[in-house]
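The next block holds one structure in the form of structure tokens; read it before the comments.
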Amino acid sequence: MMVVTDDFVEADNAEAIISRIEHKSRKTESLLKQSKLVEALKTALEGWPPNTRDERCKSANWIVVHRAIMAMKDLDALFSSLDPEYYNILMKYLYRGLSTGDRPTCDQCLRIHERLTERAGLGCILRSLADTTNTV
Amino acid sequence: MANSLRLYLTCIRNTLEAAMCLQNFPCQEVERHNKPEVELKTSPELLLKPILICRNEAEKCLIETSINSLRISLKVKQADELENILTKKFLRFLSMRAEAFQVLRRKPVQGYDLSFLITNYHCEEMQKHKLIDFIVQFMEASFHPLHLVLWSVVNYFKYYAFLWTY
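Residue numbers (the working numbering), protein chains in the order written: chain A, 1 to 136; chain B, 137 to 302.
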């Protein structure tokens, strides 16, 4: 039983995606300055999947999300106001954060991971493991 | 520090509970063979994304899953040369007795101190949640004995230094 993997379609070129990510980064920074942490995280997680395999776009996106994740303090407020549609993508970024090895990032990601698993269940983890096409 | 260890072990436990969904899958390439696909890595459709969970720069855990097998590789913190030697000896002692453990891999994966290989046969013979409990308790226990041995070595030298000076 051989599974045929779909060919990936490049929706936009890399420069257009990076300029969109930069715009998103500016919006996230302004929301963080206004202490609207949950909105900042939602803005950072939006616009996904980016339909690209370019590592620069993924790194640029990760930097924005990382900034929003590190700014989070109140996890109860986060999970009471974050929509469930963001859970899968947040889990993927948490695993990316855990693979960096940087101590403060790992501490924060472990804290959020525990709460997110309680909220979203093991299916969320398995979806992030199984999705090998839309990686972050 | 205790809290970060608890969070690290909870994350690993949750990931293992999600990732340990193994079933029997005969080899696609060779007739009548049944091999752990995570070791061979020949067919990408049978593999899930490998997950690296780091607690800090020195401690990490790599979890690789496939359709019929799961590999967990651990790297334990070694602060100095003495701890490095003790860790190597202790983990080599365990690896040589891997058959008694059944789920232990004889040689750790490159870059790690210890590796477990769990196949669908282990999941059929043993209970999945017990296997996960074993691995998490093993990780918890392996953090302690090395520090106890180190502590006793340091105390031994302090005591004899005291005796020699007075």
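Built from N, CA and C at the ideal position, the CB exists for glycine as well. Note that the structure is predicted; figures quoted are calculated from it, not measured.
Length of the line joining the Cα atoms of Glu118(A) and Pro180(B): 30 Å
CA-to-CA distance, Ile21(A) to Leu303(B), given in whole angstroms: Since the displayed chain B opens at 137 and closes at 302, residue 303(B) lies outside it and no answer follows.
Collapsed DSSP secondary structure at Ile187(B) in the structure displayed: strand
Endpoints, beta strand (DSSP E) assigned at Thr201(B): Lys196 to Thr201
Residues bridged to Ser251(B) (per DSSP): Ser209(B)
Test: Glu153(B) CB closer than 8 Å to a CB of chain A: yes
Contact belief for Val212(B) with Ser288(B) at Cβ below 8 Å, rounded distance in angstroms: At roughly 19 Å, the Cβ-Cβ gap does not stay under 8 Å, so Val212(B) and Ser288(B) are not in contact.
Outcome for Lys266(B) when other beta-carbon atoms lying within 10 angstroms are tallied against a minimum of 16: exposed
is_contact[Lys213(B), chain A] using C-beta, thresh 8 Å: no
Beta-carbon proximity of Arg67(A) to Thr105(A), cut-off 8 Å: no
Length of the line joining the Cα atoms of Thr301(B) and Tyr295(B): 10 Å
Three-state class that DSSP yields for Ile18(A) in the structure shown: helix
Closer than 8 Å to chain B by CB, Ile125(A): yes
Asn134(A), buried or exposed, once every other Cβ within 10 Å from all chains shown has been counted against 16: exposed
Where the segment 95 to 113 of chain A meets chain B: residues whose CB sits under 8 Å from a CB there: Tyr95, Leu98, Ser99, Thr100, Gly101, Asp102, Arg103, Cys106, Asp107, Leu110, Arg111 and His113
According to DSSP, residues forming a beta bridge with Leu305(B): Residue 305(B) is absent from the model: chain B starts at 137 and stops at 302.
Cross-chain neighbours of Cys259(B) in chain A, by beta carbon under 8 Å: Simply none; closest approach about 16 Å.
Local conformation of Met275(B) per DSSP, three classes: helix
Amino acids of chain A, ordered along the chain, whose beta-carbon sits closer than 8 Å to that of Cys204(B): At residue 204(B) the sequence reads Asn, which differs from the Cys that was named. Going along chain A, no residue has its Cβ under 8 Å from Asn204(B), so there is no contact; the nearest lies around 13 Å.
Proximity winner among Asp54(A), Leu110(A) and Glu55(A), relative to Met72(A) (alpha-carbon distances): Leu110(A)
Cβ contact check for the segment 92 to 101 of chain A and the segment 185 to 196 of chain B: 3 or more pairs under 8 Å: yes
Environment of Asn220(B) [buried if 16+ CB atoms lie within 10 Å]: exposed
Nearest-angstrom Cα separation, counted from Trp48(A) out to Lys24(A): 12 Å
Continuous alpha helix (DSSP H) stretch holding Asn220(B): start and end: Glu217 to Met232
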